[in-house]
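K.L.:
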Amino acid sequence: MLSNITACAGSHRLSDACPQNRSVRQVIIHHGYNNRTMENDIAIIHLDEPFDFTDRWISKICLPSTETGSQYPLAGTSVIMIGWGKTERNDTFSDSLQQVTLKVMDDSTSACSNLLYNRTVQICANGPNKGDWVNDMRTGQGVNTWPSGAKYEGPFKNDWRHGVGTYYFPDGQNYTGDWVEGRMTGQGVMTWSNGDKYIGSWFNNHRN
């Protein structure tokens, strides 16, 4: 099994040749690893020889040390996630290493409470297009942001804004109220950037 595992360092693209590779001599899996919940998904890997850290493209990663969940980043703190994961739904895994900045969320909010199974080893964070997904569609509580500066916070159903949520327009106005399949339909409040408000009923994005 170990003969099939190679450790690579200094690579930015998965398709590129590996600048430095080492054979794996031993893998020590965390004694509390759970392959169903992915709890304690960490291991120690012993290589046949050390990597050469004089290479300017290779450096060590500093991992934070925490003893309790109270030491985790507070809500609102910016955190960075990296990896070769998918950048779009229905997409293949990225060939290039990706990085995204997220905001830590309060794990007691409804958007987080249904997702976390162990708050001592997990944190909740959000960013562009983050929320619950069912059958590859946004369904449940979530936050969606656009490059234009628009932002929606609230429930989704089958990829539509659906339920009571808030939409922030790029020009400064915002709407809080009922949504039906992505349209302002029902009771809601529109607030313009100059402070004017309209409180009443809506149908298909128009005052009714």
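Our numbering puts the first residue of the sequence shown at 31, with every later residue one more than the last.
Note that the Cβ used here is the ideal one computed from N, Cα and C, for glycine as well.
Since we're looking at a predicted model, the values are computed, not measured.
1. Which first and last residues belong to the beta strand (DSSP E) in which D136 is found?
2. What residues are listed by DSSP as bridge partners for T175?
3. If you draw a straight line from the C-alpha of V164 to the C-alpha of R191, how long is it?
4. Using 8 Å as the threshold, is the C-beta distance between G202 and V219 below it?
5. Between the Cα of R43 and those of H76, S108, Q56, Q128, spot the shortest distance and give me the residue it belongs to.
6. Determine the closest residue to E183 out of D226, T139, F81, H76, with distance taken between C-alpha atoms.
7. Tell me whether R174 is buried or exposed, calling it buried when 16 or more other Cβ atoms sit within 10 Å of its Cβ.
8. Tell me whether N204 sits in a helix, a strand or coil according to DSSP, three-state version.
9. From G106 to V130, what does the alpha carbon distance come to, in whole angstroms?
10. Hey, how far is the Cα of N188 from the Cα of S89?
11. What is the residue span of the beta strand (DSSP E) that T84 lies within?
12. Does the structure place the region 108–115 close enough to the region 68–86 that three or more beta carbon pairs sit under 8 Å?
13. For L77, report the span of its beta strand (DSSP E) as first-last.
14. For the beta strand (DSSP E) containing S53, list its first residue and its last residue.
15. Please classify A47 as buried or exposed, where buried requires at least 16 neighbouring CB atoms within 10 angstroms.
16. What's the gap between the Cα of W209 and the Cα of F233?
17. Tell me, which residues are paired with G170 by DSSP?
18. Does the Cβ of G225 have 16 or more other Cβ atoms within 10 Å, making it buried, or fewer, making it exposed?
19. For a test of the three-state rule: what should DSSP assign to N34, helix, strand or coil?
20. In three-state DSSP terms, what is T113?
21. Taking the alpha carbon of A213 as the point to measure from, which residue in V54, V194, W176 has its own alpha carbon closest?
P.N.:
Short version:
1. Here the question's residue 136 lines up with position 106 in the sequence shown. Note, D136: premise wrong, no beta strand (DSSP E); not H, not E.
2. As a working mapping, residue 175 is identified with position 145 in the sequence shown. Bridge partners of T175: K181.
3. Position 134 of the sequence shown, counting from 1, holds the residue named residue 164. Position 161 of the sequence shown, counting from 1, holds the residue named residue 191. Low confidence applies here, because V164 scores a pLDDT of 48, under 50, leaving its location unreliable; read the following figure in that light. So the alpha carbons of these two residues sit roughly 14 Å apart.
4. Within the sequence shown, the letter at position 172 stands for residue 202. Within the sequence shown, the letter at position 189 stands for residue 219. No, Cβ-Cβ distance for G202 and V219 is not below 8 Å.
5. As a working note, residue 43 is residue 13 in the sequence shown. Ranking H76, S108, Q56, Q128 by Cα distance to R43 puts Q128 first.
6. Taking the sequence shown and counting its residues from 1, the one referred to as residue 183 is at position 153. The option with the nearest alpha carbon to E183 is T139.
7. Along the sequence shown, read from residue 1 onward, the residue named residue 174 stands at position 144. A small correction: the amino acid at residue 174 is Asn; Arg does not occupy that position in the sequence shown. Answer is buried; the Cβ neighbour count reaches 16.
8. Taking the first residue of the sequence shown as 1, we reach residue 204 at position 174. In the three-state reduction of the DSSP assignment, N204 falls in the strand class, which pools E and B.
9. If you number the sequence shown from 1, residue 106 lands on position 76. If you number the sequence shown from 1, residue 130 lands on position 100. Straight-line Cα distance between these residues: approximately 15 Å.
10. Working through the sequence shown from its first residue, we reach residue 188 at position 158. Working through the sequence shown from its first residue, we reach residue 89 at position 59. Near 43 Å, if we compare the C-alpha coordinates of S89 and N188.
11. Stepping through the sequence shown from its first residue, residue 84 is reached at position 54. Counting along the chain, no beta strand (DSSP E) covers T84, and no H or E run does either.
12. No: fewer than three Cβ pairs fall under 8 Å.
13. Position 47 of the sequence shown, counting from 1, holds the residue named residue 77. Segment 73–77, the beta strand (DSSP E) holding L77.
14. Your numbering for residue 53 matches position 23 in the sequence shown. 50–59 is the extent of the beta strand (DSSP E) around S53.
15. To locate residue 47, count along the sequence shown from 1; it is residue 17. Burial call: exposed.
16. As a working mapping, residue 209 is identified with position 179 in the sequence shown. As a working mapping, residue 233 is identified with position 203 in the sequence shown. In a straight line, the C-alpha of W209 is about 9 Å away from that of F233.
17. Taking the first residue of the sequence shown as position 1, residue 170 is located at position 140. Residue pairing by DSSP places G170 opposite F186 in a beta bridge.
18. Along the sequence shown, one-based indexing puts residue 225 at 195. Classification for G225: exposed.
19. Counted from its first residue, the sequence shown places residue 34 at position 4. In the structure shown, N34 sits in a helix (DSSP, three-state: H, G or I).
20. By 1-based counting over the sequence shown, the position of residue 113 is 83. According to the sequence provided, residue 113 is Gly. The question's Thr does not apply to it. Strand.
21. Against the sequence shown, residue 213 aligns to sequence position 183. It should be pointed out that residue 213 corresponds to Arg in this sequence rather than to Ala. Minimum Cα distance to R213 is reached at V194.
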